[in-house]
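Numbering (the working numbering), first residue to last: 25 to 562.
This is the structure we're talking about:
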């Protein structure tokens, strides 16, 4: 398969010679042809839609092409060939001369496709569905490998075009050249000839048949099915919302046939990219298969990317469960801590506002606002020592702000952090005065029956597996995405961004788990019953 991907990469390089800004359109046309599907190009005139078909012809050995600009007055003779007058006269057989017409072509380009009349539509449906053309009494197998249709408008509602519209699996919005450098090269170029594809690169009929069979054997893992299920759920939710809001917007409709053909296209993409299984990067191509109006293009793109992100995190890496477990741990520990210390009735409230810091060996009382105490965390905060002029032998620790630097001496600044019915002052722990006979703080009891330490170990093991899986999967997917033959720069960037977000998310959860473990250990440490000697207050 690796050799196939290298060959297709070289083939696309030849096909895209002197192509400016339409490289992905050519690549997707080739993918569609190998998958046995058709492409619809929507866009204004003069944006090289017909050139795509001419370049696609080069991909096939001894390939021939047929181009036709449809009008309301087009007849089947102009597409499928004129009726043979001699056979009609001599043998009374109604048979067309198909040589040089669509039934004889390897690649066909039909411009203004929606102007086709019912007779042309019916014949096209048979060709697209069965790759056959009924010519008189005979049913011919057509050599058609790729049909590209184009228009500057979408099919009108109520005109009987739904069946034909559904046969175009890949739908692309084609605009003018956006990159200034590409535009300059295009208008400066004087060579409008088609490039030459070496014989060894062009796909023979035998190879085409073999590739189709080998692509059908490409594996579909459950994660890909999970992506599709997620997209279908989003489509259903979107349509229900439109219905509930009485919106005039067109609902999203994807037929079962289209889903089946889309999966076949994903298999073909994986095969041509050298993979034995469809990857999440291949699923990005679903963006081109599910919209029915221009207004839905961005909507479908968001749905596809959200589904890939969700499936990678939920099914491949199990990050949804990790996030849920960490949230659960955080809530349990947080609720336990709040039960133990939020407005702790065991702490003695002084003058309705303060807690007293004990065992400081200061000549008088050292007070701290109760509200400031509850605002403390494990991170140090700066306070300054204030002598209360209304209370004899009383000092108050107040919050320090840098705006006070000219008013507060540096030797009166102290760092404070919260303890368990205690406060750390310059990293020395001092108990707070408690109500006589108060009950001790209750021990932390996990809300689940199992030991909290075991919970930490379980979540840690889940993170270990996710990290290992992410390192292996993300690295392989990143390489696969970077060299993907059919994704454009925006799709690659979006996919690589998803991979990066999963890696950073796992690292973030690891940090959160470590912080929770640290906080849990600190919460359960016993603080000294006696104040330290030889400190700033001694």
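By construction, the Cβ of each residue, glycine as well, lies at the ideal position given by its N, Cα and C atoms.
Here the structure is a predicted model, which means the values were calculated and not measured.
Below 8 angstroms on the Cβ atoms is my contact criterion, and I expect residue 516 with residue 506 to pass it. Report the Cβ-Cβ distance as a whole number of Å. 7 angstroms
Please identify the residue among 487, 519, 513, 92 whose C-alpha is closest to the C-alpha of residue 529. 487
Would you identify the three-state DSSP class for residue 72, choosing helix, strand or coil? coil
Taking the alpha carbon of residue 58 as the reference point, which residue from 413, 297, 372 has its own alpha carbon closest? 297
Measure the beta-carbon distance from residue 392 to residue 436 and round it to whole angstroms, keeping in mind my assumption that it falls under 8 angstroms. Going by Cβ atoms, the distance from residue 392 to residue 436 rounds to 15 angstroms, so no, they are not a contact pair.
Going by alpha carbons, who is nearest to residue 207 out of 44, 248, 372, 431? 44
Among the candidates 147, 30, 51, whose CA atom is the shortest distance from the CA of residue 510? 51
Let me know if residue 258 comes out buried or exposed under the rule of 16 or more other beta-carbons within 10 Å of its beta-carbon. buried
For residue 518, which residues from the same chain have a beta carbon less than 8 angstroms from its beta carbon, with the 5 sequence-adjacent residues on both sides left out? 308, 329
In chain order, what residues of the same chain have a beta carbon less than 7 angstroms from the beta carbon of residue 67, not counting five sequence neighbours either side? 73, 176, 197, 198, 199
Kindly indicate which three-state DSSP category residue 343 falls into: helix, strand or coil? helix
Would residue 39 be called buried (16 or more neighbouring beta carbons within 10 Å of its own) or exposed? buried
DSSP has residue 195 in a bridge; who is on the other side? 64
3-residue-minimum beta strand (DSSP E) runs that sit fully inside the region 120-147, ordered along the chain: 131-135
From this set, 346, 292, 299, which residue's C-alpha is nearest residue 489's C-alpha? 346
Out of curiosity, what's the CA-to-CA distance linking residue 217 and residue 266? 49 angstroms
Between the region 239-258 and the region 94-104, do three or more beta carbon pairs fall short of 8 angstroms? no
Which class does residue 218 belong to by DSSP, given the choice of helix, strand or coil? coil
Going by CA-CA distance only, name the one from 167, 452, 76, 351 that's closest to residue 532. 351
Cβ atoms of residue 134 and residue 94: under 9 angstroms apart, would you say? yes
For residue 458 versus residue 371, is the C-beta distance shorter than 9 angstroms? yes
Are the region 107-123 and the region 145-152 touching, with three or more C-beta to C-beta distances below 8 angstroms? no
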